[in-house]
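Participant: If you read the sequences in order, they're chains A and B. Using the numbering used here, you'd call the opening residue of the first sequence number 1 and step up by one each time. Using the numbering used here, you'd call the opening residue of the second sequence number 259 and step up by one each time. I have a structure I would like to understand better, so I am pasting it below and will then ask my questions one at a time.
Protein chains: 2
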Amino acid sequence: MKTLKIIKIGGNIIDNKEVLNQFLVSFSKISGPKILVHGGGKLATKLAHKMGVEVKIIDGRRITDLATLDIITMTYAGKVNKNIVAKLQANNCNSLGFSGADGNSIISEKRPIKDTDFGFVGDVIHINTSTLELLLDNNITPVFCAITHDKKGQLLNTNADTIASELAIGFAEKFKTELYYCFEKNGVLERLEDENSVIENINPKMYKNLIEQGIIADGMLPKLNDCFHAIHHHVAKVCIGKPEMIFNTNSTYTTIQK
Amino acid sequence: MKTLKIIKIGGNIIDNKEVLNQFLVSFSKISGPKILVHGGGKLATKLAHKMGVEVKIIDGRRITDLATLDIITMTYAGKVNKNIVAKLQANNCNSLGFSGADGNSIISEKRPIKDTDFGFVGDVIHINTSTLELLLDNNITPVFCAITHDKKGQLLNTNADTIASELAIGFAEKFKTELYYCFEKNGVLERLEDENSVIENINPKMYKNLIEQGIIADGMLPKLNDCFHAIHHHVAKVCIGKPEMIFNTNSTYTTIQK
Chain A
1 MKTLKIIKIG
11 GNIIDNKEVL
21 NQFLVSFSKI
31 SGPKILVHGG
41 GKLATKLAHK
51 MGVEVKIIDG
61 RRITDLATLD
71 IITMTYAGKV
81 NKNIVAKLQA
91 NNCNSLGFSG
101 ADGNSIISEK
111 RPIKDTDFGF
121 VGDVIHINTS
131 TLELLLDNNI
141 TPVFCAITHD
151 KKGQLLNTNA
161 DTIASELAIG
171 FAEKFKTELY
181 YCFEKNGVLE
191 RLEDENSVIE
201 NINPKMYKNL
211 IEQGIIADGM
221 LPKLNDCFHA
231 IHHHVAKVCI
241 GKPEMIFNTN
251 STYTTIQK
Chain B
259 MKTLKIIKIG
269 GNIIDNKEVL
279 NQFLVSFSKI
289 SGPKILVHGG
299 GKLATKLAHK
309 MGVEVKIIDG
319 RRITDLATLD
329 IITMTYAGKV
339 NKNIVAKLQA
349 NNCNSLGFSG
359 ADGNSIISEK
369 RPIKDTDFGF
379 VGDVIHINTS
389 TLELLLDNNI
399 TPVFCAITHD
409 KKGQLLNTNA
419 DTIASELAIG
429 FAEKFKTELY
439 YCFEKNGVLE
449 RLEDENSVIE
459 NINPKMYKNL
469 IEQGIIADGM
479 LPKLNDCFHA
489 IHHHVAKVCI
499 GKPEMIFNTN
509 STYTTIQK
């Protein structure tokens, strides 16, 4: 079975032109099939401010009214995605930008209203791998922004971490899938202020303890939920850390264990 | 030889939600390989106003500084392109959004500065059909926005009419290509105010005369230049008119002749 690497990059990489360019040079050199998933960084919030659209975030999740969905579509699928694709082409990595609507690759449903109405936020219900496989087989690298669709004509805002894990799960039958979450830290840290306190392996039992101790909280909670969801659904490898974890065999990072 | 239809829609379709939806329903029903090319309509100008970015147009062409390029990328490749793709998916037309950077499909060079510095405007120098063919062969419909790249990492604003004609020329070796320019009129009109004065056929000699008489002027000039460029480079059919010309055999429109 061939290995497919799915790499998600977060805002700290997207927001820093130099860091992004350097990452894309390294990413281009990865041999074998690969998929890049990116968030939008602070651009969407900046554009919302410029346009006078109010930014509402509840529990770390963006409330997505129609004006906000437009802003997200413009920044994620437009500016960020196309600039990444152009940079990859310059590095001789033949890439192709995707939202979940493209190739009907990620179908989601609008999140039902319970306590909070998140608006046009989509929860992934199905991954169509056929178009993506066709491209991967021809050495073309899909680059995903964090937008999906409901197959009824509606775009939906979807968490980029979730898109990465669902893609990894969706491909797990056909590839040995490896999922890499790249962010600004060396991994999950025992002490937030100490970059050297990386927890190198986390299993579900440890995860439960770390939550109880308050060591894993806030934004790390949904990220780690996506990680465990993937590792329990046939994804071969799930890691969290700086991009170096992919390119440098000596680096320290966190590996998720079953 | 199989027929490939390349259909370009202009601002009057993009800017009217009802008209666009109706067009996309009809477009979805076209059998055989097809490519859609769209402009951005008035959205880019509207967004520029909202963001306080000055709009400079010389000889009907937008001067594209970096802020304007961002706005164009956000509206054309983001909002317009992704919403069209989502709508096509709802109509069971499996489509995939493209800029020229995607799949390295349209390479352009920044227009040299002569009298006017147009900024980040690209003139097409090469069409790569391989990724597009792969998709067309698998019944996937590419949807192009009017953005290209220079293969050195720079996105460039490129006229949508030109993109459509260059794609039609690029595919002319492998397909019998037909090029349809859809806009708000029934075709090239002898008298601008009379919808029934459609000139049904135009050859180069007539074109020269029509320019001399001032009947063809302004925005129609570059559009017709693109038309004649296509018909003189192995494109089988080039037409201008309302979308009905594609779907209704009884409609009147303008056909370009060698």
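For glycine and all other residues, C-beta sits at the position ideal for the given N, C-alpha and C. Note that the coordinates shown come from a computational prediction; the quantities given were computed from them, not determined experimentally.
Cβ closer than 8 Å: which chain A residues qualify as neighbours of Leu-413 of chain B?
Facilitator: For the purposes of this step, residue 413 of chain B is identified with residue 155 of the second sequence, where counting begins at 1. Residues of chain A passing the Cβ test: Lys-82, Asn-83, Ala-86.
Participant: Kindly say whether Ile-405 of chain B, judged by its beta-carbon, lies nearer than 9 Å to any beta-carbon of chain A.
Facilitator: By 1-based counting over the second sequence, the position of residue 405 of chain B is 147. It does: the Cβ of Ile-405 of chain B has a partner Cβ on chain A nearer than 9 Å.
Participant: Residue range of the alpha helix (DSSP H) that Ile-72 of chain A falls in?
Facilitator: Mapped onto the first sequence, residue 72 of chain A falls at position 72. First-last of the alpha helix (DSSP H) with Ile-72 of chain A: 66-72.
Participant: In chain B, which residues lie with their C-beta within 7 Å of the C-beta of Thr-3 of chain A?
Facilitator: In the first sequence, residue 3 of chain A corresponds to position 3, counting from 1. In chain order: nothing, as chain B lies at least about 23 Å away.
Participant: When you compare the CB positions of Ile-264 of chain B and Ala-426 of chain B, do they come within less than 9 Å of one another, or not?
Facilitator: Residue numbering aside, residue 264 of chain B sits at position 6 when the second sequence is read from its first letter. Residue numbering aside, residue 426 of chain B sits at position 168 when the second sequence is read from its first letter. Yes, they are a contact pair.
Participant: Give me the DSSP bridge partner(s) of Ile-364 of chain B.
Facilitator: Taking the second sequence and counting its residues from 1, the one referred to as residue 364 of chain B is at position 106. Ile-364 of chain B pairs with B:Ile-385.
Participant: From the beta carbon of Lys-174 of chain A, is the nearest beta carbon of chain B less than 9 Å away?
Facilitator: As a first step, residue 174 of chain A is located in the first sequence; it is residue number 174 there, counting from the start. So, not an interface residue.
Participant: Is Leu-47 of chain A near Met-332 of chain B, with beta carbons less than 9 Å apart?
Facilitator: Your numbering for residue 47 of chain A matches position 47 in the first sequence. Your numbering for residue 332 of chain B matches position 74 in the second sequence. Yes, Cβ-Cβ distance for Leu-47 of chain A and Met-332 of chain B is below 9 Å.
Participant: Is DSSP giving Thr-252 of chain A helix, strand or coil here?
Facilitator: Mapped onto the first sequence, residue 252 of chain A falls at position 252. Here Thr-252 of chain A sits in coil by DSSP.
Participant: Whose C-alpha, out of A:Phe-120, A:Leu-221, A:Asp-226, is nearest the C-alpha of Glu-166 of chain A?
Facilitator: In the first sequence, counting from the first residue as 1, residue 166 of chain A sits at position 166. Selected option, being the one with the closest Cα: A:Asp-226.
Participant: Checking 9 Å against the spacing of the C-beta atoms, do Asn-444 of chain B and Gln-515 of chain B come in under that value?
Facilitator: The count along the second sequence starts at 1 and reaches residue 444 of chain B at position 186. The count along the second sequence starts at 1 and reaches residue 515 of chain B at position 257. The answer is no: Cβ separation not under 9 Å.
Participant: Please confirm whether Phe-98 of chain A has its beta-carbon closer than 9 Å to some beta-carbon of chain B.
Facilitator: For the purposes of this step, residue 98 of chain A is taken as the residue at position 98 of the first sequence. Closer than 9 Å: yes.
Participant: Determine the DSSP secondary structure at Ser-31 of chain A, reduced to helix, strand or coil.
Facilitator: Residue numbering aside, residue 31 of chain A sits at position 31 when the first sequence is read from its first letter. In this structure, Ser-31 of chain A counts as coil in the three-state DSSP scheme.
Participant: Counting only C-beta atoms, is Ser-28 of chain A closer than 9 Å to chain B at any point?
Facilitator: Start at 1 with the first residue of the first sequence, and residue 28 of chain A comes out as number 28. No, because no Cβ of chain B sits closer than 9 Å to the Cβ of Ser-28 of chain A.
Participant: Output needed for Lys-260 of chain B: all residues of its chain with C-beta closer than 6 Å, excluding positions within five of it in sequence on either side, in chain order.
Facilitator: For the purposes of this step, residue 260 of chain B is taken as residue 2 along the second sequence, with counting starting at 1. These residues qualify, in order along the chain: Phe-433.
Participant: Give me the chain B residues within the contact set of Gln-213 of chain A, using Cβ-Cβ distance strictly less than 9 Å, ordered along the chain.
Facilitator: Reading the first sequence from its first residue, position 213 is the one you call residue 213 of chain A. The premise fails here: Gln-213 of chain A is roughly 42 Å from chain B at the closest Cβ pair, so nothing lies under 9 Å.
Participant: Quick one: is Phe-118 of chain A buried, meaning 16 or more other Cβ sit within 10 Å of its Cβ, or exposed?
Facilitator: Walking along the first sequence from the start, residue 118 of chain A turns up at place 118. It is buried - the Cβ of Phe-118 of chain A has at least 16 other Cβ atoms within 10 Å.
Participant: Going by other Cβ atoms of all chains shown within 10 Å of its Cβ, with 16 needed for buried, is Ser-95 of chain A buried or exposed?
Facilitator: Numbered from its first residue, the first sequence carries residue 95 of chain A at position 95. Looking at its Cβ environment, which holds 16 or more other Cβ atoms inside 10 Å, Ser-95 of chain A is buried.
Participant: Please classify Ser-289 of chain B as buried or exposed, where buried requires at least 16 neighbouring CB atoms within 10 angstroms.
Facilitator: The residue you call residue 289 of chain B lines up with position 31 of the second sequence. So Ser-289 of chain B counts as exposed.
Participant: For Glu-352 of chain B, which residues in chain A fall below 7 Å Cβ to Cβ?
Facilitator: For the purposes of this step, residue 352 of chain B is taken as residue 94 along the second sequence, with counting starting at 1. Contrary to the premise, residue 352 of chain B reads as Asn rather than Glu in this sequence. By Cβ distance, chain A contributes Gly-103, Asn-104.
Participant: Check the DSSP bridge columns for Asn-201 of chain A and list the partner residues they point to.
Facilitator: Locating residue 201 of chain A in the first sequence gives position 201, counting from the first residue. DSSP lists A:Thr-255 as partners of Asn-201 of chain A.
Participant: Quick one: residues in its chain with C-beta nearer than 6 Å to the C-beta of Met-245 of chain A, no 5 flanking neighbours on either side, listed in chain order?
Facilitator: Sequence index remark: in the first sequence, residue 245 of chain A carries index 245 (1-based). Around Met-245 of chain A: Cys-239, Ser-251, Tyr-253.
Participant: Using a C-beta to C-beta distance shorter than 7 Å, which residues of chain A count as neighbours of Ala-348 of chain B?
Facilitator: Taking the first residue of the second sequence as position 1, residue 348 of chain B is located at position 90. Residues of chain A passing the Cβ test: Lys-151, Lys-152, Gly-153.
Participant: Given a cut-off of 9 Å, decide if Leu-36 of chain A and Ile-84 of chain A are closer than it, judged by their beta-carbon atoms.
Facilitator: Looking up residue 84 of chain A in the first sequence gives position 84. Looking up residue 36 of chain A in the first sequence gives position 36. Yes. Within cutoff.
Participant: Mind checking if Leu-47 of chain A is an interface residue toward chain B, Cβ cutoff 9 Å exclusive?
Facilitator: Against the first sequence, residue 47 of chain A aligns to sequence position 47. Taking Cβ atoms only, chain B reaches closer than 9 Å to Leu-47 of chain A, which makes this a yes.
Participant: Residues in its own chain within less than 6 Å of Asn-362 of chain B by CB, not counting five upstream and five downstream?
Facilitator: In the second sequence, residue 362 of chain B corresponds to position 104, counting from 1. Around Asn-362 of chain B: Asn-386.
Participant: Comparing the C-beta of Leu-425 of chain B with each C-beta of chain A, is any distance below 9 Å?
Facilitator: Indexing the second sequence from 1 puts residue 425 of chain B at position 167. False, the Cβ-Cβ gap to chain A never drops below 9 Å.
Participant: What first and last residue would you give for the beta strand (DSSP E) that runs through Phe-402 of chain B?
Facilitator: By one-based count along the second sequence, residue 402 of chain B stands at place 144. Counting along the chain, the beta strand (DSSP E) containing Phe-402 of chain B begins and ends at 399-402.
Participant: Rounded to whole angstroms, what is the Cα-Cα separation between Leu-468 of chain B and Phe-378 of chain B?
Facilitator: The residue you call residue 468 of chain B lines up with position 210 of the second sequence. The residue you call residue 378 of chain B lines up with position 120 of the second sequence. Distance between the alpha carbons of Leu-468 of chain B and Phe-378 of chain B is about 32 Å.
Participant: If you scan the region 431-479 of chain B from start to end, which runs of the beta strand (DSSP E) of 3 or more residues do you find wholly inside it?
Facilitator: Here the runs fully enclosed are 434-440.
Participant: I'd like to know if Ala-260 of chain A contacts chain B, where contact means its C-beta is closer than 9 Å to some C-beta of that chain.
Facilitator: Limits of chain A in this structure are 1 at one end and 258 at the other, which puts residue 260 of chain A out of reach.
Participant: Count Cβ pairs between the region 269-278 of chain B and the region 445-461 of chain B that sit closer than 8 Å; are there 3 or more?
Facilitator: In short, these stretches do not touch, since the Cβ pair count stays below three.
Participant: Can you pull the DSSP bridge partners for Phe-120 of chain A?
Facilitator: Taking the first residue of the first sequence as 1, we reach residue 120 of chain A at position 120. Its beta-bridge partners do not exist; DSSP assigns none.
Participant: Is any heavy atom of the ligand ADP found at a distance shorter than 8 Å from the C-beta of Glu-166 of chain A?
Facilitator: Although the ligand ADP was asked about, the structure shown includes no ligands whatsoever.
Participant: List the whole-angstrom C-beta distance separating Gly-380 of chain B from Asp-408 of chain B, where the pair is believed to meet the contact cut-off of C-beta under 8 Å.
Facilitator: Start at 1 with the first residue of the second sequence, and residue 380 of chain B comes out as number 122. Start at 1 with the first residue of the second sequence, and residue 408 of chain B comes out as number 150. Gly-380 of chain B to Asp-408 of chain B, Cβ: 7 Å. Contact.
Participant: Going by DSSP in three states, Ile-271 of chain B sits in which element: helix, strand or coil?
Facilitator: Position 13 of the second sequence holds residue 271 of chain B. Looking at Ile-271 of chain B - three-state DSSP - the assignment turns out to be helix.
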